[in-house]
Amino acid sequence: MTPPEDTPDVRRIAEDALAWADTRRDGFALGEDALAVDGEVDSSWKPLGELAQVCATVAHHTAPADPVHRRARALLEFAWQETGGGELFRRLQRLEPFATYPLEVYAALASAGFRHPAFEETAAVVARTRGWRLTEQDPTRRLGVLRAEERCGIHRPAQTPQLLSRTWLGGLPEPWTFERDAGYALTHVVFHLTDWGREPEGLPPDLVSYLADWLPPWLDTCLEARMWDLSGELLAVAAVVTRRTGDPPPLDAWQRLAAARRPSGEIPLEGRATDSTASEVTDGERYFLHHYHSTLMAAFAAVLTGARPAGPPVGAGARPRHGGQGAQA
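Residue numbers (UniProt numbering): 1 to 329.
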């Protein structure tokens with residue numbers, strides 16, 4: 001990864017974040033309850049899946065000789081080994097055939113070249129059932145499931161536009177209605193439409209224009225509130241948008257996020273560096289859960305920022321403005 005000359009610190013954020021994740025592999029490891037129906041998915045499969053997704057994107061946007069690429073590939077190998085070379089996905093599917101998280105985690109690894117043909121074959125069978133297709137999910141989550149299906153060779157044409165129109169971002173809402181839940185929803189809509197930053201052209205022009213106008217004040221609001229996790233996700237969206245518009249990355253926002261880093265490169269979900277979590281034992285489970293996602297998102301956003309530019313700006317001339325009066329988030 002060769003970042004632009006005006007973003008030297010962004011590269012370091014990615015390096016330090018992945019280095020911290022590498023030293024905390026035990027936190028990402030699957031426990032003995034990984035196959036339990038009542039197991040804690042949010043503290044087992046979710047961290048591992050997020051590690052795989054971020055590292056897959058990092059590996060995609062970096063050269064094989066790059067140390068960041070090599071670390072990302074090593075973490076992907078670790079994640080694949082934790083799943084028993086994909087065999088745990090097949091076993092999970094037998095236990096919970098209509099659970100979507102096994103397919104979503106598998107798809108992240110599949111995007112980096114790790115495949116288990118037997119799981120994909122049975123996943124395709126389950127995906128043809130009415131029970132799978134009629135599982136009730138919010139539109140943003142459904143977009144994610146569709147993306148996971150596509151990575152596994154299951155195609156459902158013409159569904160994305162209809163789903164997009166039902167999401168918060170797809171409706172181009174009044175900018176002052178932005179709040180935390182809307183922020184997380186909009187970032188994931190962007191991630192799903194662009195295959196986690198691999199296909200920036202997947203973001204429709206009207207959303208590019210809307211986000212170019214209103215993302216800066218939303219990001220400023222989140223940074224001011226010390227919402228570091230959501231700020232990292234918004235910086236990833238900013239990297240996608242600026243690749244489409246040709247605008248420079250928000251370096252002032254990166255400086256503010258960098259100031260929240262702990263000495264080993266990790267970033268807390270939210271709050272001050274002097275909050276209670278800062279004084280906890282740094283290798284404890286609670287500390288890990290309070291830092292891993294925001295740290296991974298910082299690495300993800302940093303690599304996408306360093307991957308600029310990706311092509312000519314969207315449209316010509318001045319961008320249309322959206323939403324009337326100023327954005328008060």
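Each residue gets a CB set at the ideal place from its N, CA and C atoms; glycine is no exception.
Because the structure is a prediction, the values reported are computed rather than measured.
Can you give me the start and stop residues for the alpha helix (DSSP H) that Met227 sits inside?
Residue 227 sits at position 227 when you count from the first residue of the sequence shown. Per DSSP, Met227 belongs to no alpha helix (DSSP H) and is neither H nor E.
Rounded to a whole number of angstroms, what is the C-alpha to C-alpha distance between Phe28 and Gly202?
As a first step, residue 28 must be located in the sequence shown, where it is residue number 28. As a first step, residue 202 must be located in the sequence shown, where it is residue number 202. Going from the Cα of Phe28 to the Cα of Gly202 covers about 30 Å.
Three-pair Cβ contact test at 8 Å for the stretch 291-306 versus the stretch 227-239:
yes
Through-space distance from Asp33 to Val208, alpha-carbon basis
Reading the sequence shown from its first residue, position 208 is the one you call residue 208. Reading the sequence shown from its first residue, position 33 is the one you call residue 33. Near 42 Å, if we compare the C-alpha coordinates of Asp33 and Val208.
In whole angstroms, what is the alpha-carbon distance linking Arg166 and Glu136?
Here residue 166 is taken as the residue at index 166 of the sequence shown, counted from 1. Here residue 136 is taken as the residue at index 136 of the sequence shown, counted from 1. Taking the straight line from one Cα to the other gives about 14 Å.
Buried or exposed (CB count within 10 angstroms, at least 16 for buried), Arg244:
Stepping through the sequence shown from its first residue, residue 244 is reached at position 244. The residue in question, Arg244, is buried, as its Cβ has 16 or more Cβ neighbours within 10 Å.
Cβ-based neighbour list, Leu146, same chain, cut-off 8 Å, excluding 5 preceding and 5 following
Walking along the sequence shown from the start, residue 146 turns up at place 146. The answer, listed in chain order, is Arg156, Gln159, Thr160, Leu163, His192.
Give the secondary structure of Gly232 by DSSP, where H, G and I count as helix, E and B as strand, and everything else as coil.
Mapped onto the sequence shown, residue 232 falls at position 232. Three-state DSSP puts Gly232 in a helix.
Sorted by chain position, which residues of the same chain lie with C-beta nearer than 8 Å to Cys152's C-beta, five sequence neighbours on each side aside?
In the sequence shown, counting from the first residue as 1, residue 152 sits at position 152. Leu103, Tyr106, Ala107, Ala110, Glu120, Ala123, Ala124, listed in sequence order.
Residues in the same chain with beta-carbon distance under 6 Å from Ala72, minus the five sequence neighbours each way, listed in chain order, please.
Translated into positions along the sequence shown, residue 72 becomes position 72. Within the same chain, Ala72 has close Cβ partners Cys55, Val58, Ala59.
Beta-carbon contacts of Thr83 that lie in its chain and below 7 Å, excluding the five residues immediately before and after:
In the sequence shown, counting from the first residue as 1, residue 83 sits at position 83. Excluding positions up to five away in sequence, the list reads Phe89.
Simplified DSSP state of Ile13, which is helix, strand or coil
Position 13 of the sequence shown, counted from the first residue, corresponds to residue 13. Reduced to three states, the DSSP call for Ile13 is helix.
Note down the Cα distance separating Leu257 from Ser231, rounded to an integer number of angstroms.
By one-based count along the sequence shown, residue 257 stands at place 257. By one-based count along the sequence shown, residue 231 stands at place 231. Near 8 Å, if we compare the C-alpha coordinates of Ser231 and Leu257.
Excluding the five sequence neighbours on either side, which residues of its own chain have a C-beta within less than 8 Å of the C-beta of His116, listed in chain order?
Locating residue 116 in the sequence shown gives position 116, where the first residue counts as 1. So the qualifying residues of the chain are Gly85, Gly86, Glu87, Phe89, Arg90, Tyr106.
Thr187 - containing alpha helix (DSSP H), residue span:
Here residue 187 refers to the residue found at position 187 when the sequence shown is read from its first residue. Note, Thr187: alpha helix (DSSP H), 180-193.
Between Phe78, Val240, Cys222, which has its C-alpha nearest Arg24's C-alpha?
On the sequence shown, position 24 is the one that residue 24 refers to. Ranking the options by Cα distance to Arg24, first place goes to Phe78.
Assigned secondary structure, Asp22 (DSSP; H/G/I helix, E/B strand, else coil)
For the purposes of this step, residue 22 is taken as the residue at position 22 of the sequence shown. In this structure, Asp22 counts as helix in the three-state DSSP scheme.
Taking just the CA atoms, how far does Leu35 sit from Gly246?
By 1-based counting over the sequence shown, the position of residue 246 is 246. By 1-based counting over the sequence shown, the position of residue 35 is 35. For Gly246 and Leu35, the distance between alpha carbons rounds to 46 Å.
Determine the extent of the alpha helix (DSSP H) in which Gln137 is found, giving its start and end residues.
As a first step, residue 137 is located in the sequence shown; it is residue number 137 there, counting from the start. Neither: Gln137 is in no alpha helix (DSSP H) and is coded neither H nor E.
Look at the Cβ atom of Gly265, then the Cβ atom of Ala17, and state whether they are nearer than 7 Å.
Counting from one through the sequence shown, the residue named residue 265 turns up at place 265. Counting from one through the sequence shown, the residue named residue 17 turns up at place 17. A contact, by the Cβ cut-off of 7 Å.
Reducing DSSP to helix, strand and coil, say where Gly49 ends up.
One-based indexing of the sequence shown puts residue 49 at position 49. Three-state DSSP puts Gly49 in a helix.
Between the Cα of Ala148 and those of Val189, Pro175, Thr100, Gly131, spot the shortest distance and give me the residue it belongs to.
Here residue 148 corresponds to residue number 148 of the sequence shown, with the count starting at 1. Here the closest residue by C-alpha is Thr100.
According to DSSP, simplified to helix, strand and coil, what is Ser276?
Within the sequence shown, numbered from 1, the residue matching residue 276 stands at position 276. Residue placement at Ser276 is poorly supported in this model, since its pLDDT is 45, which falls under 50; the coordinates are not used for a value here.
Rounding to the nearest angstrom, what Cα-Cα distance links Ala182 and Glu174 in this structure?
As a working note, residue 182 is residue 182 in the sequence shown. As a working note, residue 174 is residue 174 in the sequence shown. When rounded, the distance between both Cα atoms is 12 Å.
From Pro248, Trp168, Leu134, His69, residue whose alpha carbon lies closest to that of Thr140
As a position in the sequence shown, residue 140 is number 140, starting the count at 1. That would be Trp168, whose Cα lies nearest to the Cα of Thr140.
Selection from Met227, Arg198, Leu172 that minimises the alpha carbon distance to Pro211:
By one-based count along the sequence shown, residue 211 stands at place 211. Here residue 211 turns out to be Leu, not Pro, going by the sequence shown. Nearest option by C-alpha distance: Leu172.
Does DSSP put Tyr207 in a helix, in a strand, or in coil?
Translated into the one-based positions of the sequence shown, residue 207 becomes position 207. Note on identity: in this sequence residue 207 is Leu, with Tyr being the wrong assignment. Helix at Leu207.
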